[in-house]
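> One structure coming up, written as structure tokens, with questions to follow.
In our numbering, the protein residues as written are 848 to 1243.
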């Protein structure tokens, strides 16, 4: 088995902010569509997924993206087109009511769906939209959000529905990490006010921001995957479940200030420990270059914690966009969402300007095939371009 590339030797592909935004959104749609067919299936019970296939769960043709992408596009378009306060005609703003209206238009009318109708929606999101529809248009948005929080703020509503769509926040507000984290939490509250969901959106968005900054403006020169591990390990979590899954255990010795830090993190960080264990004790699946952990070691359910950890595992255990995407969707269970969340981060990291006939860490014959097979890719690109315009205005 080939020795894995060191984390401290892997840096993001340099590219313009516009390229990163466009490819992160495109990547989300591609891997969402790739992961649709194995959704709801147990790991290792289906043939290895490497290309677009019919989604028999919903009787859909190959290349159809699901609710993960639709809601990502809804949030992105809301940010790009919402009316600013003051009604001066300027478009682009963070507005929870506009976000809820966008989600409702997708749910009720199929807007920003790959096939013109909503064919799948999470239980918590459906309930949140029903609460919103029962409110009066005259109700202040704060009152609406309080009603949603009162009914959906408990642990039983800690699904991945807000994490799966949060990518546009980090892409739009990448110049200001504090503002991005605040907006990530607020964006979760529209449907997933649970504290764990909010913090998952916050930490994932902050990671997107750091990758965007490292690869577009050189403010974090030589930022590596090991630095990203350190970021997750050192984040000031308030949720104990996230802290346990993403931080160093309290029993770990102090981080060395000099010397071999990667070896230290591989010995003590829970995700890196699992990667090492999997590579040492499990064989590669036929047709794939990496071993995949058992379900009990790396669940990939719709629980927000499982989704975040599984997506991050796929990113850290692989060295190219294609490799991580194939790993993510072949986890099964909520495969499309794990794939979509992985793809947003990996698209930011690996994505760069395409060069005809040249393969790189993002563009390969296979990823080009995924793009070619993606249904309604023009719509995805159109919304992504709108987000580019909005993000650019924020930087002026």
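Beta carbons: idealized from backbone N, C-alpha and C, even for Gly.
Computed from a predicted model, the values in this text were never measured in an experiment.
For residue 989, which beta-bridge partners are listed by DSSP?
Per DSSP, none; premise fails for residue 989.
> Mark residue 956 as exposed unless 16 or more other C-beta atoms lie within 10 angstroms of its C-beta, in which case mark it buried.
exposed
> Which of helix, strand or coil does DSSP assign to residue 1186?
Residue 1186 falls in the helix class under three-state DSSP.
> What's the C-alpha gap between residue 1101 and residue 867?
36 Å
> Assuming residue 1041 is part of the alpha helix (DSSP H), what are its boundary residues?
Looking at the DSSP string, residue 1041 is not in any alpha helix (DSSP H), and its letter there is neither H nor E.
> State the CB to CB distance for the pair residue 1126 and residue 851, rounded to an integer number of angstroms; the pair is presumed to be in contact (CB under 8 Å).
7 Å
> Does the region 1092-1108 touch the region 874-885, meaning 3 or more C-beta pairs lie closer than 8 Å?
no
> Can you give me the C-alpha to C-alpha distance between residue 918 and residue 1014, rounded to a whole angstrom?
Near 10 Å, if we compare the C-alpha coordinates of residue 1014 and residue 918.
> One question on the structure: do residue 1180 and residue 887 come within less than 9 Å of each other, judged by their Cβ atoms?
yes
> On a Cα-Cα basis, can you pick out the residue from 966, 1036, 1157 that is closest to residue 1092?
1157
> For the alpha helix (DSSP H) containing residue 968, list its first residue and its last residue.
Run containing residue 968: none; DSSP gives neither H nor E here.
> Using alpha carbons as the reference points, say which of 1001, 1155, 1213 lies closest to residue 1191.
1155
> Tell me whether the region 998-1011 and the region 1136-1154 touch, counting them as touching only if at least three CB pairs, one residue from each stretch, are closer than 8 Å.
yes
> Quick one: Cα of residue 896 to Cα of residue 1175, how far?
In a straight line, the C-alpha of residue 896 is about 10 Å away from that of residue 1175.
> Assign residue 959 to one of three DSSP states: helix, strand, or coil.
coil
> Taking all protein chains shown into account, decide if residue 985 is buried (16 or more other Cβ within 10 angstroms of its Cβ) or exposed.
exposed
> How many angstroms separate the CA atom of residue 1224 from the CA atom of residue 907?
16 Å
> With a cut-off of 8 Å on the beta carbons, I'd call residue 1073 and residue 1112 a contact; round off their distance for me.
7 Å
> By Cβ distance, which residues of its chain are closer than 8 Å to residue 1080, with the 5 residues on each side in sequence left out?
1093, 1094, 1095, 1112, 1116
> Taking contact to mean 3 or more Cβ pairs, one atom from each stretch, closer than 8 Å, check whether the region 1030-1042 and the region 1128-1144 are in contact.
no
> Nearest to residue 1041 by alpha carbon, out of 1049, 999, 1021?
999
> Between which two residues does the alpha helix (DSSP H) holding residue 1009 run?
Segment: none, residue 1009 is in no alpha helix (DSSP H) and carries neither H nor E.
> May I have the straight-line CA-CA distance separating residue 946 from residue 1131, to the nearest angstrom?
Computed Cα separation, rounded: 43 Å.
> On the DSSP letters alone, give me the boundaries of the alpha helix (DSSP H) that residue 900 sits inside.
That residue, residue 900, is in no alpha helix (DSSP H); it is neither H nor E in DSSP.
> Using a Cβ-Cβ cutoff of less than 7 Å, which residues in the same chain neighbour residue 960 once the five nearest sequence positions on both sides are dropped?
917, 953
> Taking the alpha carbon of residue 972 as the reference point, which residue from 1144, 1038, 981, 1235 has its own alpha carbon closest?
1038
> Identify, in the order they occur along the chain, each residue of the same chain with its Cβ nearer than 7 Å to the Cβ of residue 1051, setting aside the five sequence neighbours on each side.
1010, 1013, 1155
> Do the region 1191-1201 and the region 1054-1062 make contact, defined as three or more Cβ pairs closer than 8 Å?
A contact is defined here as three or more CB-CB pairs under 8 Å, and the region 1191-1201 meets this definition with respect to the region 1054-1062.
> Excluding the five sequence neighbours on either side, which residues of its own chain have a C-beta within less than 6 Å of the C-beta of residue 921, listed in chain order?
The answer, listed in chain order, is 949, 950, 953, 959.
> Kindly provide the ranges of any beta strand (DSSP E) runs that are 3 or more residues long and lie completely inside the region 874-933, ordered along the chain.
none
> Leaving aside the five residues before and after residue 1069 along the sequence, list all residues of the same chain whose C-beta is less than 8 Å from its C-beta, in chain order.
858
> Please go through the region 1169-1239 and give each complete alpha helix (DSSP H) segment of 4 or more residues, from N-terminal end onward.
Correct list: 1182-1197, 1212-1219.
> Exposed or buried, residue 977, counting other C-beta atoms within 10 Å across all chains shown (16 or more means buried)?
Burial call: exposed.
> Take residue 860 and list the residues in its own chain whose beta-carbon comes closer than 8 Å to its own, dropping the five residues that flank it on each side.
These residues qualify, in order along the chain: 1062, 1196, 1197, 1198, 1199, 1207, 1208, 1209.
> I'd like the span of the alpha helix (DSSP H) that includes residue 1117, first residue to last.
1117-1128
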